[in-house]
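The sequence shown lines up with residues 1 to 504 when you count with UniProt numbering. C-beta: ideal position from N, C-alpha, C; glycine also.
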Amino acid sequence: MTTRTPWRLAGVLAGLAGLATSYATAMVFTIREAPVVAVAELVIRLTPGAVAERAIQVLGHLDKPVLVGGVVVLVLACFAWAGSLARRSWWSPLPVWVALAAVGLVAVLSQRGAGVVDVLPVGVGLVTWIAVHAALVDALRRGARRPDLESRERRVFVMVAGVIAVASLGIAVAGRVVGAGRRQVEASRQLLRIPGVTRKPAPPKTSLGLPGISPWQTSNEDFYRIDTSISVPAIEPDEWSIRIHGMVDRELTLTYSQLVARQLTESWITLNCVSNEVGGDLIGNARWSGVRLADLLEGLGVSDRADCVLQTSHDGWTCATPLAALTDDRDAMLAVAMNGRPLPIEHGFPVRTVVPGLYGYVSATKWVVDMEVSTFADSVGYWTTRGWSAQGPVKIASRIDVPSSGDEVAVGSVSVGGMAWHQHTGISKVEVQVDGGAWEPAELGRVPSDDTWVQWALTVDLDEGDHEVRVRATGKDGETQTSAVARPDPDGSTGWHTIQVSAR
Ligand SMILES: Nc1nc2c(c(=O)[nH]1)N[C@H]1C(S)=C(S)[C@@H](COP(=O)(O)O)O[C@H]1N2
Ligand SMILES: [Mo]
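What follows is the structure, given as structure tokens:
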């Protein structure tokens with residue numbers, strides 16, 4: 001085997017094995033297409049509009065398959081090239097591996113709403129590619145060292161190659177089959193129309209129009225995501241039901257259609273995570289549609305001794321929520337839609353809980369299937385045994401979005417702005433302080449209720465040099481944010497968000 005052909009073949013085979021495992025990983029762990037498609041989509045996004053239009057004209061509806069095909073051919077060429085480089089040593093193709101993985105990573109991470117799981121297929125594919133390549137190179141070298149056995153070695157190589165090819169195909173098909181359930185659920189979700197769910201833009205004047213500030217309404221794609229599941233539960237609405245039981249006179253089991261047949265409530269609610277650091281972004285604001293839990297619990301004869309509801313999700317996650325927050329006047333609900341769309345799968349499709357004023361870890365159960373009315377003495381939620389407090393009321397907080405810490409700004413008037421929140425209490429005042437000077441009140445955006453965050457903005461005057469800008473909020477209950485710095489655990493971080501900027 002002196003020609004380049006077997007080396008190239010080894011490279012292509014190893015690469016195909018990598019593509020197969022990356023495809024299978026994408027199918028099993030995400031609801032996205034494989035990284036190759038992400039690369040094709042990146043190409044589309046980077047192509048100037050006129051060129052793209054011309055291509056679509058020429059290729060008609062075949063533009064996408066042709067593009068994906070083209071990417072595959074290029075990738076195969078890279079595999080072959082990596083294979084021929086491996087004649088020197090098994091690791092010589094390193095630059096090709098790294099470059100291709102980098103392109104894949106960029107493509108995957110530039111997708112809307114991409115998260116850490118989306119990196120997984122690229123990683124798995126890369127590792128497979130390198131491992132299989134190393135194994136094939138080893139087989140080829142043995143063959144080269146023993147010319148007398150050439151024909152036997154060649155047969156062995158062909159056999160190994162065949163096994164790898166078949167195994168790759170098998171892995172890809174298996175991934176497709178395993179992921180089919182979630183794809184099916186995604187298809188059902190896309191077709192679902194829930195009567196009474198409306199799509200409304202953010203109310204007027206919630207936005208102050210300051211460039212760089214977080215949008216008041218968070219899109220479903222940009223909404224932060226926190227959960228303990230690697231592969232999110234895929235539940236068909238038809239297969240979903242919830243059982244409300246425990247310290248009640250009458251149990252209640254509701255199917256999805258029974259739930260959505262009830263009176264739907266729609267409200268803007270800001271949800272945030274207890275593990276958010278000061279200035280962090282584990283927070284989002286959406287318009288939720290669902291059935292109020294107070295209405296559901298009302299007719300069940302809840303015992304006077306009960307003080308919590310132990311919620312369980314389809315994937316076995318639990319949390320204990322104070323009963324009072326589910327039965328008072330706030331819009332705690334079993335939500336079925338987010339921003340006018342059925343809940344995205346990763347945000348709890350088909351049904352999740354949302355409770356204004358409580359951190360997600362004690363209230364916002366995604367894929368919720370069971371609610372047991374109980375007592376805190378008898379109930380422990382998932383995070384409560386892992387260093388987090390049993391009670392999780394949201395703490396008042398504020399954040400500077402613009403400028404970013406470390407930014408260089410022009411001397412003179414500088415627009416500062418960000419968000420402040422204290423759900424179910426409301427924000428009455430936000431103040432900004434420059435270099436330890438006087439606290440200046442900021443302008444506040446309007447809000448439809450006390451359950452959402454508030455935009456704030458202020459123009460400050462900065463002279464040349466380095467400056468420190470900080471923010472603090474005051475709630476409608478008169479409480480001003482404490483300057484005492486606390487870590488997120490056990491019950492939420494505190495402290496004033498402070499940034500450094502230099503005016504030049
Ligand atoms: N089933 C389930 N629900 C869950 C969690 C989880 O891990 N599993 N995490 C909770 C936490 S800690 C938060 S902050 C919110 C986040 O909701 P989101 O991912 O829709 O933003 O969901 C809550 N509901
Ligand atoms: Mo959280």
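Secondary structure of residue i, DSSP reduced to three states
i: Arg4; result: coil
i: Arg45; result: helix
i: Ile171; result: helix
i: Ser374; result: strand
i: Thr498; result: strand
i: Val39; result: helix
i: Met247; result: coil
i: Leu343; result: coil
i: Ser110; result: coil
i: Ala503; result: strand
i: Ala202; result: coil
i: Ala486; result: strand
i: Ile242; result: strand
i: Val124; result: helix
i: Val197; result: coil
i: Val368; result: strand
i: Leu208; result: coil
i: Asp461; result: strand
i: Thr480; result: strand
i: Leu358; result: strand
i: Arg182; result: helix
i: Val119; result: helix
i: Gly381; result: coil
i: Gln217; result: coil
i: Gly348; result: coil
i: Tyr23; result: helix
i: Arg88; result: coil
i: Arg155; result: helix
i: Phe223; result: coil
i: Gly387; result: coil
i: Ala101; result: helix
i: Pro93; result: coil
Element boundaries [beta strand (DSSP E), containing residue i]
i: Pro441; result: Trp439 to Pro441
i: Leu334; result: Met333 to Met338
i: Ile469; result: In the sequence on display, residue 469 carries Val and not Ile. It spans Gly465 to Gly475 - the beta strand (DSSP E) in which Val469 sits, taken as one unbroken run.
i: Val232; result: Val232 -> no beta strand (DSSP E), and no H or E assigned at all.
i: Arg352; result: Arg352 to Val354
Candidates the options: closest to residue i by CA position
i: Glu372; options: Leu74, Asp281 and Ser313; result: Ser313
i: Val498; options: Arg154, Val454, Pro403 and Arg305; result: According to the sequence as given, residue 498 is Thr; it is not Val. Considering only alpha carbons, the answer is Pro403.
i: Asp118; options: Leu67, Val39, Leu192 and Val351; result: Val39
i: Thr452; options: Val430, Glu464 and His422; result: His422
i: Ala134; options: Arg87, Gln455 and Ser502; result: Arg87
i: Ala390; options: Asp491, Asn272 and His245; result: Asp491
i: Glu186; options: Lys395, Ala484 and Gly348; result: Gly348
i: His245; options: Val73, Thr253 and Ser413; result: Thr253
i: Glu251; options: Glu298, Val98 and Trp268; result: Glu298
i: Val166; options: Gly465, Thr494, Leu16 and Pro322; result: Leu16
i: Val434; options: Ala503, Arg487 and Ser379; result: Ala503
i: Arg243; options: Gln217, Trp268, Leu296 and Trp288; result: Leu296
i: Gly478; options: Leu191, Ser428 and Gln184; result: Ser428
i: Gly162; options: Val132, Arg176, Arg183 and Arg189; result: Val132
i: Thr375; options: Cys308, Asp407 and Ala34; result: Cys308
i: Ala320; options: Gly412, Glu266 and Tyr382; result: Tyr382
i: Gly19; options: Thr30, Val122 and Glu431; result: For the record, residue 19 in the displayed sequence is Leu; it is not Gly. Per the Cα distances, Val122.
i: Lys366; options: Leu334, Asn339 and Trp388; result: Leu334
i: Val66; options: Met247, Val36 and Ala410; result: Val36
i: Leu126; options: Tyr361, Ser110, Val75 and Gln111; result: Val75
i: Glu33; options: Leu59, Gly11 and Val108; result: Val108
i: Val351; options: Gly316, Ser289 and Asp401; result: Ser289
Range of the contiguous alpha helix (DSSP H) that encloses residue i
i: Ala80; result: Asp63 to Leu85
- Taking only runs of the alpha helix (DSSP H) that begin and end inside the region 392-459, which ones reach a length of at least 4 residues, in chain order? none
- Item | Those runs of the alpha helix (DSSP H) which lie wholly inside the region 252-326 and span at least 4 residues | 256-260 and 293-298
- Three-pair Cβ contact test at 8 Å for the region 322-329 versus the region 257-276: no
- Task: Report yes or no: do the region 291-311 and the region 453-472 share at least 3 C-beta pairs separated by less than 8 Å?
- Result: no
- Query: Hey, is the region 341-356 in contact with the region 226-238, meaning 3+ C-beta pairs nearer than 8 Å?
  - Reply: yes
- Message: Taking 8 Å as the cut-off, does the region 382-396 touch the region 417-433 (at least 3 CB pairs, one atom from each stretch)?
- Response: yes
- Item | the region 168-179 touching the region 5-25, judged by at least three CB pairs closer than 8 Å | yes
- Three CB pairs or more closer than 8 Å across the region 317-326 and the region 193-213: no
- Message: Tell me whether the region 434-449 and the region 357-366 touch, counting them as touching only if at least three CB pairs, one residue from each stretch, are closer than 8 Å.
- Response: no
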